[in-house]
Amino acid sequence: MMRTGKVTGILTVLMFCVSLLGSFAVASAAEISLSYANFPPAKTFPCIQMERWKQEVEKRTGGKVQVQTYPGSTLLGAKNTLRGVMQGQADIGCISLAYHPGVFPLCSVFELPLGFTSSYSASLALWDLYNKFQPKEFRKFKVLTMFASAPSNLMTKQPVRSLADLNGLELRASGILSKILESLGATPVSMPMSATPEALQKGVVKGLFSSFEVLKDLNFAEICRYETETNTAVYPFAIIMNRNSWNALPDDVKKVLNDLGREQAEWTGKYMDQHVKDSLAWAKDKYSIEMIKMSEADMKTIKEKTLPLIEDWKKKAAAKGVDADAVLSEVEASRVKYEK
Ligand code: 3IO
């Protein structure tokens, strides 16, 4: 018994040394390690695209760069990612622009009801807009990529069949999308997606206004059995990087990341659009959700009632030095181009 114990002990020490060596080898293979903070759970599309980006970066830099991902607010939450990345608590972070009203006077144009019908077209249009205008609202960051959710719809506990059903209904949204709900007579409650499961559970809100894939990814189909198609605005996102972390990168790595920007926007859009379809099919099958379309008259009223929000945005953007008309016509040109 004694002997076996000793041998086991030596083996354990040996194995420990081998594993130590192994981890040194891994640590030294990657010269650069980048942390990447994301607020929603790992299954949601902002985190799926994050893992895809990590894989591509590690592959294209031949393992020189290692990306440490932190989904589910494990490093920084929805509202403190902006400051956290600025201060270097994370190298990279994912933000939903709508969670920061007034901070992005130019890119918030994407929160308006502009008629985008897919994440693909909105994501590419957003990325093009950013590159064309290089808005100073992002001057403290390196923007690695941008993308948008699929168009927003109503997911509710009780059926919303007409605009009248929306009256006074407490619904979760964010940013200008909350104002869209307000202009339609609902009672918006603004909060990040990551706070929504609890708000729905507690009954603080009776539903939400976002893209349909969360029916599956956050299991909202279980509690929100009624889905009303409005296909209004999208939620724009930015993947921001700390300026010092960016400046410290060697040129070849910078090139890999720059080359990935547009491709990542496109990949995310395509993934999102397909995933919305898959999630709706899943939710119909598993929870027998009911899909609702409003009347044409109501859809027309929605357009009319939300139109003043565009004027609102223009005034606020102009007050911050943004050429609002140029931005709107650029976005419209991109919409036509990418919606084909
Ligand atoms: C979103 C945010 C986090 C996880 C999944 C999501 N699907 C759509 C969004 C858009 C958004 O930021 C929001 O708050 O609805």
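Residues in the sequence shown are numbered consecutively from 369, following this note's numbering.
Note that beta-carbon positions come from the ideal geometry of N, C-alpha and C, so glycine has one too.
About 42 angstroms separates the beta carbon of K510 from that of M662, a gap too long to meet the 8 angstroms contact definition. Within the DSSP secondary-structure output, M659 pairs in a beta bridge with E595. Counting C-beta pairs with one atom in each stretch, the segment 656-674 and the segment 550-561 have three or more that are closer than 8 angstroms, which means they touch. Closest option to E634, judged by alpha-carbon separation, among G543, L648, W495 and K547: W495. Straight through space, the alpha carbons of S579 and K547 are spaced by roughly 17 angstroms. If you draw a straight line from the Cα of F515 to the Cα of K652, it comes to about 27 angstroms.
The beta strand (DSSP E) runs lying completely inside the segment 426-460 and spanning 3 residues or more are 433-438, given in chain order.
By the Cβ test, the segment 594-601 is in contact with the segment 480-490, since at least three Cβ pairs between them sit closer than 8 angstroms. In this structure, P560 and K447 form a Cβ contact; the two beta carbons are roughly 7 angstroms apart against a cut-off of 8 angstroms. Scanning its chain for C-beta atoms nearer than 7 angstroms, with the 5 sequence neighbours on each side dropped, one finds around E424 the residues L628, in chain order. DSSP, read as helix, strand or coil, puts S489 in helix.
For a cut-off of 8 angstroms, the C-beta gap from E505 to L474 is around 6 angstroms, short enough to register as a contact. Under the three-pair Cβ rule at 8 angstroms, the segment 461-469 does not count as touching the segment 670-689.
A distance below 7 angstroms between beta-carbons, with the five flanking residues on each side excluded, links R703 to the following residues of its chain, in chain order: L482, G483, F484, S489 and A493. Closer than 6 angstroms to some heavy atom of ligand 1: that describes the Cβ of M561.
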